Every structure is written in structure tokens, then in C-alpha cells.
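According to numbering that gives the first Met the number 0, the residues represented by the sequence shown are 0 to 130, in order. Think of the CB as a built atom: it goes at the ideal place given N, C-alpha and C, for glycine as much as any other residue. Computed from a prediction, not measured in an experiment: that's the story for all the values here. These notes concern the structure reproduced below.
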Amino acid sequence: MNDIGNVKVALNEWLEGLDNGDLERMVMTCDPEVVVCNEHQPTTVGVQAVRDKYGPRIEVNNFNSGFDVEHIKIYGDLAVLVGHFSVEATDKKTGQKGGGEGRLALVYRRHTDGAWKLLLDIDNNDERTAA
């Protein structure tokens, strides 16, 4: 498989981890220095910050997520991936639905073992789903 295919595999591992409530599967796709810049939230750095952010969400919600790739390009040991995300969250106790959609820019870094890991996650919500 080529580099672009491997980056897409890493993205799909994150999405499948989220949808299956598997936080460690999500974390395995992250660079140790991962930076997350989500709209209306403080910037976080590191894998533990990903656990802290998504762990409580996974405890109370089931997720159904998607991502449509609009642009992907490899720049040496970095890959830039831009697209449109969607996520539906369903509260496990009440069944109440929530979620959102918007644009997402991701940067992956190639590690010495050839694995592509999420280094930077920046999103913005579509107007109709903005918090």
C-alpha cells in the first residue's frame, strides 16, 4: 500500500475506534505530540489529552462518524488531509441524539517504523451545527 493509502488507514482506525467505543484504538493512531485544536475548545497537546477528552464522551455516548476526503497530499514525512466530517452521538441512557459536522484539517507524521500517526487535528463546525 502507498503512503496515501496508509494515511487513510490511520484515519479509518480512529473513526472505527470512536464508533466502537475503543479509546485505545483511537489513541494508537496518535503521535505522542498530537495537538488538537477543536472549535470552541482549548488547544490540547499529547496522547493523555486525547484520552481525557474522548474517554468521558465514549462512556456516555455511542458514535456514528464519517469523513469525506477532499484533499490529501504527502510532503516528505508529513501528510495533510482535509475533508468534511460528520458525527452522530447517541446518549447510551436516554437515547438523545446530538453530534455535528464540519471541515477538518489533519496532519499526520510518518514514524521511523513507517506508521502514520495523527500530529495535528483542526476542525470547524458547519454553521448549522456550531456550538
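Alpha-carbon spacing of residue i relative to residue j, whole angstroms
i: L80; j: C29; result: 15 angstroms
i: D125; j: E100; result: 6 angstroms
i: A78; j: D112; result: 16 angstroms
i: A114; j: E12; result: 12 angstroms
i: P134; j: D90; result: Residue 134 cannot be examined here, being either before or after the span of the chain that is shown, 0 to 130.
i: N61; j: Q95; result: 10 angstroms
i: D51; j: T43; result: 10 angstroms
i: G98; j: A88; result: 5 angstroms
i: T73; j: I3; result: A small fix is needed here, since residue 73 is Ile in this sequence, not Thr. Computed Cα separation, rounded: 7 angstroms.
i: V106; j: N63; result: 22 angstroms
i: A129; j: H39; result: Note that A129 has pLDDT 45, beneath the 50 cutoff, so the model's placement of it is unreliable and no number is given.
i: L1; j: K92; result: According to the sequence provided, residue 1 is Asn. The question's Leu does not apply to it. Spanning the two alpha carbons is a distance of roughly 42 angstroms.
i: G20; j: L14; result: 10 angstroms
i: R108; j: K116; result: 5 angstroms
i: N5; j: V34; result: 20 angstroms
Residue i versus the options, residue with shortest Cα-Cα distance
i: D122; options: R109, V86 and G94; result: V86
i: A104; options: G98, L14 and N37; result: N37
i: R102; options: R24, F66 and N5; result: F66
i: L119; options: V8, E32, H39 and V6; result: E32
i: G54; options: G82, M25 and G75; result: M25
i: G16; options: G45, R109 and V49; result: V49
i: H83; options: H110, N19 and V68; result: V68
i: D18; options: I71, L117, H70 and V59; result: V59
Residue i, DSSP secondary structure in three states
i: P31; result: strand
i: D2; result: helix
i: A114; result: coil
i: D125; result: coil
i: D21; result: coil
i: A130; result: Residue placement at A130 is poorly supported in this model, since its pLDDT is 46, which falls under 50; the coordinates still yield a value, given next. Coil, per DSSP.
Test item: CB-CB of residue i and residue j under 7 angstroms
i: L10; j: I57; result: no
message = So within the stretch 58–112, which uninterrupted beta strand (DSSP E) runs reach at least 3 residues, ignoring any that extend past its ends?
response = For secondary structure counted as the beta strand (DSSP E) over 3 or more consecutive residues, the stretch 58–112 holds these complete runs in sequence order: 60–74, 77–90 and 96–109.
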